[in-house]
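Numbering (UniProt numbering), first residue to last: 1 to 348. From the three backbone atoms N, C-alpha and C, an ideal C-beta is built for every residue, glycine too.
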């Protein structure tokens, strides 16, 4: 793609998200979300491959449906209460409709079915943008929209953690596995959103770091399937040694960074007397952990099937910048000791 066109589209992504961040009026927030959607669709379809065009079409239809629901709900709220302000939501009907619309926008279960198919049709760079940057604006609206119906969010969160773990079990395509991983992580954030919004932001930040590290690693090794990552040890031996730690951090195992948000979320749910919900969420995390372990096993403990004995790849100098990958990988592995600092910053 022409660099000037790329710059315009990426600026559009930034403008749409910033507009939604800065808005206190539903129409302005809706406009920001629409700019965001229209800016990423050409990035999705840039390779003119049938799968990419199909992914862009599915994404457009899902986002257009969510935007129409959002506009209808905000208009209904203005009709019922006379308010267009995001923070002045009081009627339960528009609150529930807007929660459902934003859940469809970010891919929370049961509104998740578009996400694995869309991500499967994209290249890893655009997929990284879709699973990280595109979540910011809807989450900003959910955080502003207090109080949200806590029962709705708990149902969305529990369903997402279950579907996100269950759906990734039998996948062989890495991008579909990462899509279900994203759904499960978003479910954890939805669980705690009503009780401690600052903890949702912490979970979102750690999810961004871990997901960025995983996408950049798969991009560096040019891997799209589980069989492809089995050959990564001959191409990037150092990265192959670190990747199981990154994947286990995504699964939430101590002493890695990914344990921090899960630990704090379970602690807060227990404080809110929601022990059954905390237990169920912890059990669903085991489902996600299974497919992360499966990826780790394929990457480090299996050899790629080769026709020739001892056939290996040339270790050529990669043209891709590796500094972002190094920074996100180290952050994914080593930030757990900062938990007391995070708790001190989160406490009111």
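- A residue is called buried when at least 16 other Cβ atoms come within 10 angstroms of its Cβ; residue 329 meets this threshold and is buried.
- Taking the C-beta atoms as reference points, residue 220 is found no nearer than 8 Å to residue 96.
- In this structure, the CA atom of residue 172 is about 43 Å from the CA atom of residue 75.
- Distance from the CA of residue 192 to the CA of residue 199, rounded to the nearest whole angstrom, comes to 7 Å.
- When beta bridges are read from the DSSP output, residue 46 appears opposite no residue.
- No beta strand (DSSP E) of 3 residues or more sits fully in the region 46 to 86.
- Separation of the CB atoms of residue 296 and residue 247 is rounded to 5 Å, and the pair is thereby assigned contact status at 8 Å.
- Note that the C-beta distance between residue 142 and residue 187 is not below 8 Å.
- Under the three-state reduction of DSSP, residue 144 is assigned to helix.
- Note on residue 211: 16 or more other CB atoms within 10 angstroms of its CB, so buried under the neighbour-count rule.
- In this chain, the alpha helix (DSSP H) harbouring residue 7 covers 3 to 22.
- If you draw a straight line from the Cα of residue 112 to the Cα of residue 278, it comes to about 22 Å.
- In the assembly as shown, residue 37 is a buried residue. Its beta-carbon has 16 or more other beta-carbons within 10 Å.
- Taking the C-beta atoms as reference points, residue 300 is found nearer than 8 Å to residue 240.
- Annotation for residue 86: 23, 24, 25, 26, 29, 141, 144, 145 place their beta carbon closer than 8 Å to its own, counting only its chain and skipping 5 residues before and after.
- Between residue 17 and residue 166, the C-beta spacing is not below 8 Å.
- Secondary structure note for residue 105: its alpha helix (DSSP H) is the uninterrupted segment 92 to 106.
- Nearest to residue 62 by C-alpha distance, out of 118, 293, 213, 73, is 118.
- Residue 225 is bridged by DSSP to 173.
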